[in-house]
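Take any residue in the sequence shown, count from 1 to its spot, add 37: that is its number in the numbering used here. Taking it in order: structure first as structure tokens, then the write-up.
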Amino acid sequence: MNHSPFLLQHTTAYQRWRDQKLAHWPADKASLLTELDGPQPAAHTIQRLKATVRQHNMAFYRFPAPEQIGRPEVHALATRMGLIHLHANLCADPDSLSAIQVTRHENQHDYIPYTDRQLSWHTDGYYQAPAEQIHGMLLHCVRPARQGGESRFMDHEIAYILLREADPAFITALMHPQTLTIPANILHGKIIRPRQHGPVFSINPDGSLHMRYSARQKNILWRRDPATQAAAAFLLQLWEQDSPWKVQYRLQAGEGVLCNNVLHCRSGFVDHDEPQQGRLLYRGRYTDRVGQDHPAPPPSFKTLS
Ligand SMILES: [Fe+2]
């Protein structure tokens with residue numbers, strides 16, 4: 038972290054990193070997509086995916102035969118990408134891949150991901166305790182909606198650059214340990230997740246950047262100082278604008294995205310009339326970042342088939 042480009046005092050390191058980062062941003066977003074060569078992709082295909090994530094913190098993939106792809110294949114792909122340690126949330130299935138579809142969970146809140154409503158910009162797990170931060174994320178589309186349900190993504194390192202270029206004081210504010218507080222999650226009078234606070238931007242032990250963010254306006258408390266308020270407003274206004282740094286993509290059956298928990302959002306959608314044909318995505322949240330090499334799935338892994 039000695040010469041971290043993410044620390045304000047390292048101007049030269051930051052400028053060099055920023056220039057390289059922006060110069061590599063693809064004019065043609067299609068280059069972010071890798072066509073997989075089968076249910077168990079070849080090693081060179083995995084390397085291409087990893088290289089894309091190393092550069093842009095996200096990579097899209099497409100399996101050739103979507104009907105052959107179930108949870109085991111999705112899990113195996115994640116594992117080969119270094120996404121090993123799944124984090125189970127309240128609504129996750131027993132193998133910890135969450136099935137994102139319109140549904141109701143008994144005795145749970147009406148969580149927006151499980152509705153057909155729009156989902157505002159966020160990184161996953163922004164309400165998690167510091168030791169349980171989400172560093173990697175996978176979304177795999179089994180079935181798209183009849184209409185809508187499009188996703189947008191932004192590399193959180195690009196968001197960092199846009200903020201720092203606008204006003205370096207934004208970075209200081211967003212790295213403050215009390216920047217963003219999420220009130221406790223209380224259901225039927227019982228605390229099911231305690232109040233959490235932490236920074237928006239933090240630097241991981243390996244030197245990479247982590248972002249913890251939600252654009253939601255309810256159940257979220259920004260630190261009450263002018264720089265924090267201005268930084269939060271800057272981000273909100275960024276989501277309203279067209280930007281060459283946003284990737285807009287509607288995942289089709291057999292397609293997915295692997296990422297280092299970049300910023301993302303989802304438009305609302307109209308589902309199919311038959312519930313069995315409704316939009317279905319598998320989501321995995323991991324405490325790992327993409328890119329570490331692991332030869333085999335963890336022994337504790339069980340499939341639901
Ligand atoms: Fe998400």
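For glycine and all other residues, C-beta sits at the position ideal for the given N, C-alpha and C. Please read these numbers as outputs of a predicted model, since none were measured by experiment.
{"Asked": "Continuous beta strand (DSSP E) stretch holding Ala-60: start and end", "Found": "That residue, Ala-60, is in no beta strand (DSSP E); its alpha helix (DSSP H) goes 48–60."}
{"Asked": "Close-in-space but distant-in-sequence residues of the same chain around Gln-77 (CB under 8 Å, 5 per side omitted)", "Found": "Glu-110, Ala-113"}
{"Asked": "beta-carbon Leu-275 near ligand 3 non-hydrogen atom, thresh 8 Å", "Found": "Annotation note on ligand 3: not contained in the displayed structure, which lists ligand 1 as its ligands."}
{"Asked": "Those runs of the beta strand (DSSP E) which lie wholly inside the stretch 95–174 and span at least 3 residues", "Found": "95–99, 135–137, 156–159"}
{"Asked": "Pair within 9 Å by beta-carbon distance, Cys-296 and Ser-157", "Found": "no"}
{"Asked": "Beta-ladder partner(s) of Asn-222, from DSSP", "Found": "Arg-230"}
{"Asked": "Under the three-state DSSP convention, the category Thr-209 falls into", "Found": "helix"}
{"Asked": "Proximity test, Met-174 beta-carbon vs ligand 1 heavy atom, cut-off 8 Å", "Found": "yes"}
{"Asked": "Contact under 9 Å by Cβ, Arg-230 with Tyr-163", "Found": "no"}
{"Asked": "Secondary structure of Pro-336, DSSP reduced to three states", "Found": "Bear in mind that the predicted position of Pro-336 carries a pLDDT of just 39, short of 50, making it too unreliable to give a figure here."}
{"Asked": "Where the beta strand (DSSP E) through Leu-44 begins and ends", "Found": "First-last for Leu-44: undefined, no H or E at that position."}
{"Asked": "Close Cβ partners of His-40 (< 7 Å) along its chain, the five nearest in sequence each way excluded", "Found": "His-47, Ala-50"}
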